[in-house]
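Contents: one structure, followed by commentary.
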Amino acid sequence: MTIWKEDEKTMLESVLQLIVSGIAMGFIYALVGIEYTLVWNSTGLLNFSHDKFIMLSAYIFAGTFVIRMGLPPAIGVIASLLVMFLFGVLVAVGIFNPLRSMASPIFAVMGTVVLGRILSEMVRLIWGPIPFTLPNYLTGTYQVGNIVIGRVNIWIIVISSLLVAALQIFFKTTKTGKAMRCVQQNKKAATLMGIDVSRNIVFTIVLSSLVCTVIGMLVIPLFTVDTAMANMIGLKGFSSGVIGGFGYLPGVIAGGVFLGVLENFSTLVLPAVYKDCVGFVLMIIFLLVRPSGILGHRKNLR
Amino acid sequence: MLKINKIDVFYGKVQALFDVSMEINDKEIVSIIGANGAGKSTLMKAIAGLNKASSGTIEFMGEEIGNVRAHKIVHRGIVYVPEGREVFPEMSVLENLEMGAFNRKFSKAELNKNIEESYALFPRLKERSKQLAGTLSGGEQQMLAICRGMMSDPKLIMFDEPSLGLAPVTVSEMFDAIVKIHEVRKIPVIIVEQNAFMAMSISDRTYVMEVGHMVQCGNSQELLNSPTIKKAYLGG
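Same order as they appear, the protein sequences are chains R and G. The first sequence begins at 1 in the numbering used here and counts up one residue at a time. The second sequence begins at 1001 in the numbering used here and counts up one residue at a time.
Dropping the structure here:
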């Protein structure tokens, strides 16, 4: 009898741990979803190189600022955000704005795909092909009772929540944020209000690039730093958008957390190697059965 | 105040406006009438900077504005209330109004004064101030579009088809509002309309357009009684 009770207790503990790490992973998916949803909403284009932005910022932060230059992580964070800010401006001015107005969206799509390849190869040339990690960065665990939680999971949950809240405040209260929403909803009317749409799109892409940077810095302890590190979260961020409701920020967050937790629970019944399939199977089911996503938000276009 | 001098406008290779000239003086209401595809909206868009004239000039208060980018035109004081309302569907009525003043650095008090003025003009907007603009009826969206245009205290305002798709009762409500705005603000107003009778009856002067050409211009009252206009635009 006592043995059975012990079993139940450890079961409960592992379930709680799965929930916490699932939520943390879910928040990463949600941030990925937010980052490309921003670009999609304001330009009508998908940024197919967004996972490479994440990878690039991890390299800049870990590879250059912390390991090569030996800066403390806090300063490395600020420096990486600055570099990625400039990178965002460059991509917006050099790729998105000129290609957005071309005859077919395929030009811009190809532009972002090619940019992704260029970034991977560039990273390989600059930092070398060997994956590495950042020792003693967000490692270790917290223990609450018998539950052990990775330090990185707590950091991810706290930073992502703050970032999501800050973005909401930014979009609801600041003039630039409101102008971004106008551009997303109606570019012609936004122009007639006196909003410079091209410049506004630059802001949006920079913002998206900064969110990528935060993701890149947060996932370093979860993955090793290598050129393919963000491929999977890039795709799963996309599925969480579909699951939650494409182009709708609260939906993306709901979809991300839902996917993160569900994926973790799948390891209780399925072999762990199938964990990555869950998100994609779920995405296909949603596309077939409920294309508007969990929150069922439909854009009011008229 | 606004002087358009012999402009040509092309959409790709297709010419939409041929040698069009017109003039708007201080404090007058001018209507532009014509059939579908006559180039009325194209002319409005050329003034608003959404289209560029390939030749000719557009002068506003003595300054050439033909090459000014569209979002900068608003800063000069010209507001265009587009055809089909074009409100921001996922923003509340209040937010839509606030965006109308985006190009101005208003204090909170000035902004609120303009919002109150809008609500006084259309009390229905006040009732719905928290509602998303996309959920409003067509008439309410048109009211919102008119008020949003007035939010920046324009020096010249242009209304493109304010009666499009609205019930007759609502149409006269819109025109009453336009007349009221003109009386209070004393700014020149341009109205583009297919509802020629309505537009001509509230305007001082009328321009008539046909397939990209300006064909006639004159006092609205006189044109209302002219047999050719009656036949072509007022149903006999």
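Just so you know, even glycine gets a beta-carbon here, dropped at the ideal spot from N, CA and C.
- Item | is_contact[Gln-168/R, chain G] using C-beta, thresh 8 Å | no
- Message: Strictly below 8 Å CB to CB, what residues from chain R border Val-1014/G?
- Response: Ordered by position in chain R, no residue passes the 8 Å Cβ test against Val-1014/G, which lies about 16 Å from the chain.
- Once you ignore the five residues that flank Pro-129/R on each side, which residues in its own chain have a CB closer than 6 Å to its CB? none
- Task: Taking only beta-carbon positions, decide if Ala-1070/G is within less than 8 Å of chain R.
- Result: yes
- Message: Assuming Met-1198/G and Val-1171/G are in contact, meaning their beta carbons sit under 8 Å apart, how far apart are those beta carbons, in whole angstroms?
- Response: 7 Å
- Task: Any chance you could list the beta strand (DSSP E) runs of at least 3 consecutive residues sitting entirely within the segment 99-184 of chain R, in chain order?
- Result: 141-144, 147-150
- Task: With DSSP as the reference, please indicate the residues paired to Asn-1005/G in a beta bridge.
- Result: Thr-1057/G
- Query: Can you tell me where the beta strand (DSSP E) with Gln-1015/G in it begins and where it stops?
  - Reply: 1014-1024
- Message: Looking at Tyr-29/R: is its Cβ nearer than 8 Å to the Cβ of Gly-251/R?
- Response: no
- Message: Pull the bridge partners of Gly-1034/G from the DSSP assignment, please.
- Response: Met-1209/G
- Glu-1140/G at chain R interface by Cβ criterion, 8 Å: no
- Message: Give me, in chain order, the residues of the same chain whose beta-carbon lies closer than 8 Å to that of Leu-282/R; leave out the 5 immediate sequence neighbours on both sides.
- Response: Ser-239, Ile-243, Leu-259, Leu-262
- Query: Using Cβ-Cβ distances below 8 Å, what residues of the segment 191-202 of chain R are close to chain A?
  - Reply: Here chain A cannot be found, since the structure's protein chains are R and G.
- Item | Beta-ladder partner(s) of Asn-1219/G, from DSSP | Arg-1205/G
- Glu-1110/G (DSSP reduced to helix, strand or coil): helix
- Task: Reducing DSSP to helix, strand and coil, say where Asp-1160/G ends up.
- Result: strand
- Message: Between the alpha carbons of Arg-302/R and Leu-1166/G, how many angstroms are there, rounded?
- Response: Because the pLDDT at Arg-302/R is just 33, under 50, the model does not fix this residue reliably, and the value given afterwards should be weighed accordingly. One C-alpha to the other measures close to 15 Å.
- Message: Is Arg-303/R close to chain G? Criterion is C-beta to C-beta, closer than 8 Å.
- Response: Since the displayed chain R opens at 1 and closes at 302, residue 303/R lies outside it and no answer follows.
- Query: So what's Glu-1193/G in DSSP terms, helix, strand or just coil?
  - Reply: strand
- Simplified DSSP assignment, three categories, for Leu-1132/G: strand
- Cα separation between Ala-108/R and Ser-1129/G? 39 Å
- Message: Which residues of the segment 1028-1058 of chain G have a Cβ closer than 9 Å to any Cβ of chain R? Give them in chain order.
- Response: Ala-1048, Gly-1049, Leu-1050
- Amino acids of chain R, ordered along the chain, whose beta-carbon sits closer than 9 Å to that of Asn-1103/G: Met-193, Gly-194, Ile-195
- Message: So Gln-1194/G and Glu-1161/G are supposed to be a Cβ contact under 8 Å. How far apart are they, rounded?
- Response: 7 Å
- Task: Taking Lys-178/R as the query, report the chain G residues whose CB atoms sit under 9 Å from its CB, ordered along the chain.
- Result: Met-1091, Glu-1095, Glu-1098, Met-1099, Phe-1102
- Query: Given that a residue counts as buried once 16 or more other Cβ atoms are within 10 Å of its Cβ, and exposed if not, what is Cys-277/R?
  - Reply: exposed
- Can you name, in chain order, every residue of its own chain whose Cβ lies under 8 Å from the Cβ of Ala-1177/G, other than the five neighbours on each side? Leu-1121, Phe-1122, Met-1143, Ile-1146
- Any idea what DSSP makes of Tyr-1080/G, helix, strand or coil? strand
- Message: Here's a check: name, in chain order, each residue in its chain whose Cβ is nearer than 7 Å to the Cβ of Phe-53/R, leaving out the five neighbours to either side.
- Response: Ser-209, Cys-212
- Query: Whose CA, out of Lys-1040/G, Ile-1029/G, Lys-1027/G, lies closest to the CA of Ser-1021/G?
  - Reply: Lys-1040/G
- Message: Suppose you measure from the CA of Gly-1066/G to the CA of Gly-1084/G; what does that come to, to the nearest Å?
- Response: 24 Å
- List the endpoints of the continuous alpha helix (DSSP H) containing Arg-1148/G. 1138-1150
- Message: Please identify the residue among Ile-1033/G, Ile-1229/G, Asp-1204/G whose C-alpha is closest to the C-alpha of Asn-1219/G.
- Response: Asp-1204/G
- Look at Ser-49/R and Leu-115/R and say whether their C-beta atoms are less than 8 Å apart. yes
- Taking Leu-1097/G as part of the alpha helix (DSSP H), name the residues at either end of that continuous run. 1093-1100
- Message: So if DSSP puts Glu-1063/G in a beta bridge, which residue, or which two residues, is it bridged to?
- Response: Phe-1060/G
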